[in-house]
Every structure is written in structure tokens, then in C-alpha cells.
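What follows is one structure encoded as C-alpha cells, with my remarks underneath.
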Amino acid sequence: MTFSICAFDPATNEIGIAVQSKFLAVGAVVPWARAAVGAIATQSWANTSYGPNGLRLLAEGLDPGAVAARLLAEDADREKRQFGIVDARGRVATHTGSECFEWAGGVTGQHYCAQGNILAGPKVVEGIANGFEAAMGPLADRLVAALHGGQRQGGDRRGMQSAALLVVKENGGYGGFNDRYIDLNVDDHASPIDELERLLALYKLYFRIGPQRTVPLDQPTTRELQRILTRAGRYGGAATGRYDDATRGALRELFGIENLEERWTEEPAIDESALGFLRTRFRE
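If you're matching positions, the sequence shown starts at 33 in this note's numbering and goes up one per residue.
As C-alpha cells, this is what we get:
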């Protein structure tokens, strides 16, 4: 009733997992990851000890195949289990026990593994792989594309309920204090993959992934901003088109209220994505 992908991006050293399931809050069960170590997706009568124990074994230097063998050797219900593993070198392993509900299986590719159970058929894991390989951009985008690829091929035979995306990298968390770069969960939704994609777009807006693109605050743009600020209740002056102290202060305040601080710039310019958001948020 679950399908997932674990992957490593050698260009950024990001490690991630994406998962969808006909199961409440799948993100609380399946994905486990640690920066510079690896990621594990444990599913099908999920043995959640595989997460911390598997990461510990990876950190000790075992490759994913050896980790899989160790985990299975210590589990009397190994034939009920399904999991995928990727390490911080891009090596992978996937396992599907003989007692997993059909259709169940997995595939591996360069720096990724995909697996699932109670699926519409083998075309689902092939769709996950194809979706991942065909996608461009950051690892998070490619992981979500992989879920879409699997769902287009029929996905979980029981339907959809929840989805999750976890990407880790060293000092990637908020403020640089941990490795939790992206951690998004859709616990109960009719279209969880679409909702996960929407949340990822919001994450990119609020936390700015990649280089910043700005729009100069020329007179027409500044005048438009002053009108936006007026509609937002932050500016009481005339729409002069001058980026004066009152306009700057009101804009900075609005950025704070809308959680756009990471997109603020001290230059006489405005972040392109933030401008688009404000135009939509405070349209006439």
C-alpha cells in the first residue's frame, strides 16, 4: 500500500526520500535519513527499527547491501518487510520479502532505489524510476516527479492518502543547526502528491532554494508596491513611485508578516518570487 524512492545527489550531497501511501501520516513511519550517512525507507508491516539501526550501520561503514543483510538476519518477520537504502556515496539496495502483498517489488538505478507494495503492477516502480530519471532540477523536485511517475502508472491499488518528502544535507536545516533541509508531510489528503508539490513550492518561496533573482525598484514597480502596501494596510502615503524610507520600512514590515525574510534584500530591488507572491496575495 506504499511506494517510495530513496536517492542521493552527488552534485549537492543531498540525500532524500519521497513516499506515498494509502495510510495515515506515512511520513511518521517510512522515511529515515541522516546527512553524510544515507537514507532508508522502511515499509510493508514496517519495522521502524530499520531506520535508526540501518543508519547506524551505514555510519559504521557498511554498504547498503551489507546493511540490508544485517537487518534481515535479525528479523524473524523478514519476509513481510520491504525497504530501500541509499548511502552517501550513492550505493543502493532494495528488498521485498516474499510475504509482501502483491504486486510488490523494487528497482535500482544510478544513485536511487524505488520500491512498493500493493501496487497496480511492476509498471509502477518503473514509472517511479522513469519519473526520477527524466526530471531536472534539485533533488526534491526529482523525488516528487518520481512519485507522480509512479502514480501515473496506477500507484497504490488501494488509492491515495498521505505523502512525505525528506531531504537532508549537512547544516541544511533552519538556521544551519541540523541536517533537516526539507521535511514536508501530507498526512491525510485526497491528492497527497499534488499537495506535497504545493507545499514544496511554498517551501521554496519561504526558504529560497538557489540563487536569488531580483527586480529593480524603478518608478512603475515601486508605485505598484506602494499600492500593494496600501491594500495590505502597511502604507498610508501616496503612490509616488519613489522608494523612500516610508516605503522601504513598510515593505520590510510586510516581508516579516508574510514570512518572506529570507527573500529580503537591502538593495533597491525586490525578490522576483516575493513580488509575484505579493501581487497574488494582495491583488485588487
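Note that beta-carbon positions come from the ideal geometry of N, C-alpha and C, so glycine has one too.
Since we're looking at a predicted model, the values are computed, not measured.
Practice problem: Taking 8 Å as the cut-off, decide whether the C-beta atoms of residue 171 and residue 294 are in contact. | Solution: For the purposes of this step, residue 171 is taken as residue 139 along the sequence shown, with counting starting at 1. For the purposes of this step, residue 294 is taken as residue 262 along the sequence shown, with counting starting at 1. The answer is no: Cβ separation not under 8 Å.
Quiz prompt | Collapsed DSSP secondary structure at residue 35 in the structure displayed | solution = Stepping through the sequence shown from its first residue, residue 35 is reached at position 3. The answer is strand: DSSP assigns residue 35 an E or B state.
Quiz item: Are residue 245 and residue 314 touching if we call contact CB-CB under 8 Å?
Solution: The sequence position of residue 245 within the sequence shown is 213, counting from 1. The sequence position of residue 314 within the sequence shown is 282, counting from 1. Taking 8 Å as the Cβ cut-off, residue 245 and residue 314 do not qualify as a contacting pair.
Quiz item: Going by the C-beta, is residue 166 closer than 7 Å to any heavy atom of the ligand SAH?
Solution: Here there are no bound small molecules, and the ligand SAH is not part of this structure.
Quiz prompt | DSSP three-state assignment for residue 90, whether helix, strand or coil | solution = Along the sequence shown, one-based indexing puts residue 90 at 58. If DSSP states are grouped into helix, strand and coil, residue 90 belongs with the helices.
Quiz prompt | Supposed contact pair residue 139 and residue 185 - C-beta distance, whole angstroms, cut 8 Å | solution = As a working note, residue 185 is residue 153 in the sequence shown. As a working note, residue 139 is residue 107 in the sequence shown. Not confirmed; about 12 Å, so no contact.
Quiz item: Since residue 131 contacts residue 111 with CB under 8 Å, what's their CB separation in whole angstroms?
Solution: Here residue 131 corresponds to residue number 99 of the sequence shown, with the count starting at 1. Here residue 111 corresponds to residue number 79 of the sequence shown, with the count starting at 1. About 4 Å separates the two Cβ atoms, so the contact holds.
Exercise. State the start and end residues of the unbroken alpha helix (DSSP H) segment that holds residue 162.
Key: In the sequence shown, counting from the first residue as 1, residue 162 sits at position 130. Looking at the DSSP string, the run of the alpha helix (DSSP H) that includes residue 162 is 154 to 166.
Quiz item: Leaving out the 5 sequence neighbours to the left and right, which residues in its chain are closer than 6 Å to residue 104 when beta-carbon positions are compared?
Solution: The residue given as residue 104 occupies position 72 in the sequence shown. So the list reads 110, once near-sequence residues are dropped.
Exercise. Sort 70, 137 and 54 by Cα distance to residue 198 and report the nearest one.
Key: Residue mapping note: residue 198 aligns to position 166 of the sequence shown, counting from 1. Among 70, 137 and 54, the Cα nearest to that of residue 198 belongs to 70.
Quiz item: On the three-state DSSP scale, how would you describe residue 253?
Solution: In the sequence shown, counting from the first residue as 1, residue 253 sits at position 221. It is helical.
Quiz prompt | Contacts around residue 224, its chain only, beta-carbon distance under 8 Å, and the 5 residues preceding and following it disregarded | solution = Start at 1 with the first residue of the sequence shown, and residue 224 comes out as number 192. The beta carbon of residue 224 sits closer than 8 Å to those of 52, 192, 193, 194, 195 and 218, all from its chain and outside the five residues before and after it, given in chain order.
Quiz item: How many angstroms separate the CA atom of residue 163 from the CA atom of residue 281?
Solution: Working through the sequence shown from its first residue, we reach residue 163 at position 131. Working through the sequence shown from its first residue, we reach residue 281 at position 249. For the pair residue 163 and residue 281, the Cα-to-Cα distance works out to about 45 Å.
Quiz item: Can the beta-carbon of residue 125 be found closer than 8 Å to that of residue 93?
Solution: As a first step, residue 125 is located in the sequence shown; it is residue number 93 there, counting from the start. As a first step, residue 93 is located in the sequence shown; it is residue number 61 there, counting from the start. Not in contact: residue 125 and residue 93 (Cβ atoms no closer than 8 Å).
Practice problem: In angstroms with no decimal places, state the Cα-to-Cα distance between residue 181 and residue 33. | Solution: Here the question's residue 181 lines up with position 149 in the sequence shown. Here the question's residue 33 lines up with position 1 in the sequence shown. Computed Cα separation, rounded: 16 Å.
Self-check item: Buried versus exposed, by CB contacts within 10 Å (16 or more), residue 43
Solution: Here residue 43 corresponds to residue number 11 of the sequence shown, with the count starting at 1. Around the beta-carbon of residue 43, fewer than 16 other beta-carbon atoms lie within 10 Å, marking it exposed.
Exercise. Please classify residue 63: does DSSP put it in a helix, a strand, or coil?
Key: Indexing the sequence shown from 1 puts residue 63 at position 31. In this structure, residue 63 counts as strand in the three-state DSSP scheme.
Quiz prompt | With 16 other Cβ atoms within 10 Å as the buried cut-off, status of residue 261 | solution = As a working note, residue 261 is residue 229 in the sequence shown. The residue is buried, with at least 16 neighbouring Cβ atoms inside 10 Å.
Quiz item: Taking C-alpha atoms, which residue in 288, 64, 289 and 298 lies nearest to residue 276?
Solution: In the sequence shown, residue 276 corresponds to position 244, counting from 1. Here the closest residue by C-alpha is 298.
Quiz prompt | Inter-residue spacing [alpha-carbon to alpha-carbon] between residue 283 and residue 240 | solution = For the purposes of this step, residue 283 is taken as the residue at position 251 of the sequence shown. For the purposes of this step, residue 240 is taken as the residue at position 208 of the sequence shown. Cα to Cα, residue 283 sits roughly 18 Å from residue 240.
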